[in-house]
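As structure tokens, the structure follows; a few thoughts come after it.
Protein chains: 2
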Amino acid sequence: MHPSYTQQEKEIIYRVIRERRDIRHFLPDPVPEPVLARMLEAAHYAPSVGFMQPWNFILITSRELRQQVKASFERVNQNEWAKLTDDERQALYSRLKLEGIMEAPINLAMTCDHRRDAPFVLGRAPMPETDVYSTCLAVQNLWLAARAEGVGVGWVSLLEKREVEKLLGLPDGVELVAYLCVGYPVEFRSKPMLEEKGWKFRMDWRQLVFENGWGDPVVSYSLTSP
Amino acid sequence: MHPSYTQQEKEIIYRVIRERRDIRHFLPDPVPEPVLARMLEAAHYAPSVGFMQPWNFILITSRELRQQVKASFERVNQNEWAKLTDDERQALYSRLKLEGIMEAPINLAMTCDHRRDAPFVLGRAPMPETDVYSTCLAVQNLWLAARAEGVGVGWVSLLEKREVEKLLGLPDGVELVAYLCVGYPVEFRSKPMLEEKGWKFRMDWRQLVFENGWGDPVVSYSLTSP
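In order, the protein sequences belong to chains A and B. Just remember that this note's numbering sits 141 ahead of the position in the first sequence, which is counted from 1. Just remember that this note's numbering sits 141 ahead of the position in the second sequence, which is counted from 1.
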């Protein structure tokens, strides 16, 4: 008998995984400090290559700084919109709200410090990008903790990375990984916004499982529905 | 009043985040298919840029293939060991078990398909690496689901990435992100193995929080202990 969480506990964990959403519509209500602290601590409990803990958390509270980030978003977003050649798709894109930089009570940049523990980080040299991967694992912990707290998180990838790194004064060797808007959401939708609005649908994960090599269907594990 | 999970539910979510470990000592007992299926489905519920869902899951059940992966680990590990100039540190490194490739009942490679939904993925072009980041978020979901199921996961980064990609027959445009060993663990330690063995300690996350720029101490959020 292998010890696992109880059935009820497992259901809560699967529930938070399913109910997490990317949020772009925020209420102005502040997030209390203890709530934010719990979220940051959850992030910090992520696994990291060689226990490197390469992340930092930069809270962006300055309105002026946010306006500069928002301007970067707007340049990039306009450029992306212009790439769409299908009129209907372009109209749909225009209707999508893709960030909450000015409205969210918290903007949080998560960075990866490649210099930490240099020169020897256990397990990193063969795949140096694993320090950034570790930072992503921390983002997901924070995202799930936020959902449990009733707090929404939205990842803004429509940004000029170098420009935002400059705005935040990141030194050489420190990289921006995630720019997050954080705050209480107007709602947690039952489906991702992009699915609800018909932009893209959830794939069947069973189609994504192979065995012993790319494209080879599973033989040993039939992977029936849970 | 913002709806959040109950206090009890939150505690379970924080508990699984704290109790997740990187596992390298596995029991031979098989992981039942429904358990593995729930873990893969949890991974698939990760957020992804433009809802791209760029991941695939490759189960490595072939003993021969695993032996080739293990050989890659051994070459890399020997090379890393040789970099250590401090005798005591080198001796400690030798005593660390860093993978469970042959013993774990499941080896699982998670990949990122850069070609999916090409050419236009909403939000990706300005930071193209966000598809790989999405795959990392899926790894963390799988890792937490596994912990809830009493299943251990260990990420092996001491590998020759290109070599493993060749062994798995990944086409151009598909990248190996994580090579995971999965199975019931001998134990879930109360601390990370690298901490328990004195390799590296957990940092104080409060030291990692800045405001409005790199290195600037927090002013608006005092971030007291939760």
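The beta carbon of each residue, even a glycine, is placed where N, CA and C say it ideally should be.
DSSP three-state label for B:T226, please.
The count along the second sequence starts at 1 and reaches residue 226 of chain B at position 85. B:T226 falls in the coil class under three-state DSSP.
What are the partner residues of B:N248, as DSSP defines its beta bridges?
Here residue 248 of chain B is taken as the residue at index 107 of the second sequence, counted from 1. B:N248 pairs with B:C322.
Neighbourhood of A:F192 by C-beta distance below 8 Å, restricted to the same chain and skipping five residues each side:
For the purposes of this step, residue 192 of chain A is taken as residue 51 along the first sequence, with counting starting at 1. So the qualifying residues of the chain are L263.
Less than 7 Å between the beta carbons of A:I164 and A:G293, yes or no?
Position 23 of the first sequence, counting from 1, holds the residue named residue 164 of chain A. Position 152 of the first sequence, counting from 1, holds the residue named residue 293 of chain A. It is a contact, given that the beta carbons lie within the stated cut-off.
For chain A, check one thing: does any of its Cβ atoms lie closer than 7 Å to the Cβ of B:Y320?
The count along the second sequence starts at 1 and reaches residue 320 of chain B at position 179. No, because no Cβ of chain A sits closer than 7 Å to the Cβ of B:Y320.
Return no unless some Cβ of chain A is closer than 7 Å to the Cβ of B:P367.
For the purposes of this step, residue 367 of chain B is taken as the residue at position 226 of the second sequence. Residue confidence for B:P367 is low, a pLDDT of 36 falling below 50, so the modelled location carries little weight and cannot support an answer.
Straight-line Cα distance separating B:Q148 from A:W296
The sequence position of residue 296 of chain A within the first sequence is 155, counting from 1. The sequence position of residue 148 of chain B within the second sequence is 7, counting from 1. So the two alpha carbons sit approximately 26 Å from each other.
Proximity below 7 Å, CB of A:A266 to CB of A:W196
As a first step, residue 266 of chain A must be located in the first sequence, where it is residue number 125. As a first step, residue 196 of chain A must be located in the first sequence, where it is residue number 55. No, the pair does not count as a contact, with Cβ atoms beyond the cut-off.
Between which two residues does the alpha helix (DSSP H) holding A:I154 run?
For the purposes of this step, residue 154 of chain A is taken as residue 13 along the first sequence, with counting starting at 1. Note, A:I154: alpha helix (DSSP H), 148 to 160.
Beta-carbon of A:I201 versus every beta-carbon of chain B: anything under 7 Å?
As a working note, residue 201 of chain A is residue 60 in the first sequence. Yes, A:I201 counts as interfacial toward chain B.
Give the straight-line distance between the Cα atoms of A:P367 and B:C322, rounded to the nearest whole angstrom.
On the first sequence, residue 367 of chain A is found 226 positions in, with the first residue counted as 1. On the second sequence, residue 322 of chain B is found 181 positions in, with the first residue counted as 1. Only weak support is given to the placement of A:P367: the predicted model assigns it a pLDDT of 36, under 50, and the value that follows is read from those uncertain coordinates. Taking the straight line joining both Cα atoms gives about 21 Å.
Could you say which of B:L200, B:V190, B:F261, B:Y274 lies nearest to A:W222 if we only look at CA atoms?
Stepping through the first sequence from its first residue, residue 222 of chain A is reached at position 81. The candidate whose alpha carbon is nearest that of A:W222 is B:F261.
Contacting residues, own chain, Cβ-Cβ under 8 Å from B:L285 (five flanking each side not counted):
As a first step, residue 285 of chain B is located in the second sequence; it is residue number 144 there, counting from the start. Cβ within range, chain order: V157, I158, R161, A183.
Give a yes or no on whether the C-beta atoms belonging to A:N353 and B:L206 are separated by under 7 Å.
On the first sequence, position 212 is the one that residue 353 of chain A refers to. On the second sequence, position 65 is the one that residue 206 of chain B refers to. Yes, these two residues count as a Cβ contact at 7 Å.
Applying a beta-carbon distance threshold of less than 7 Å, which residues of chain B neighbour A:C277?
By one-based count along the first sequence, residue 277 of chain A stands at place 136. Here the neighbours are Y274, C277, L278.
In terms of residues, what are the limits of the beta strand (DSSP E) holding A:E352?
Counting from 1 along the first sequence, the entry for residue 352 of chain A is found at position 211. That run of the beta strand (DSSP E) goes 350 to 352.
Okay, do the segment 227 to 245 of chain B and the segment 332 to 344 of chain B touch, 3+ Cβ pairs below 8 Å being the bar?
yes
If you drop the 5 nearest sequence neighbours on each side, which residues of the same chain put their C-beta closer than 8 Å to that of A:P358?
What you label residue 358 of chain A is simply residue 217 of the first sequence in a count that begins at 1. The answer, listed in chain order, is F351, E352.
So, A:C253 versus B:Y274, is the Cβ gap smaller than 7 Å?
Here the question's residue 253 of chain A lines up with position 112 in the first sequence. Here the question's residue 274 of chain B lines up with position 133 in the second sequence. Result no, Cβ atoms of A:C253 and B:Y274 do not sit closer than 7 Å.
In three-state DSSP terms, what is B:L299?
As a position in the second sequence, residue 299 of chain B is number 158, starting the count at 1. Reduced to three states, the DSSP call for B:L299 is coil.
Could you give the DSSP three-state label for B:S366: helix, strand or coil?
For this step, residue 366 of chain B is matched to residue 225 along the second sequence. Confidence in B:S366 is poor, its pLDDT being 41 and thus under 50, which makes the residue's placement unreliable; the coordinate value appears in the next sentence. If DSSP states are grouped into helix, strand and coil, B:S366 belongs with coil.
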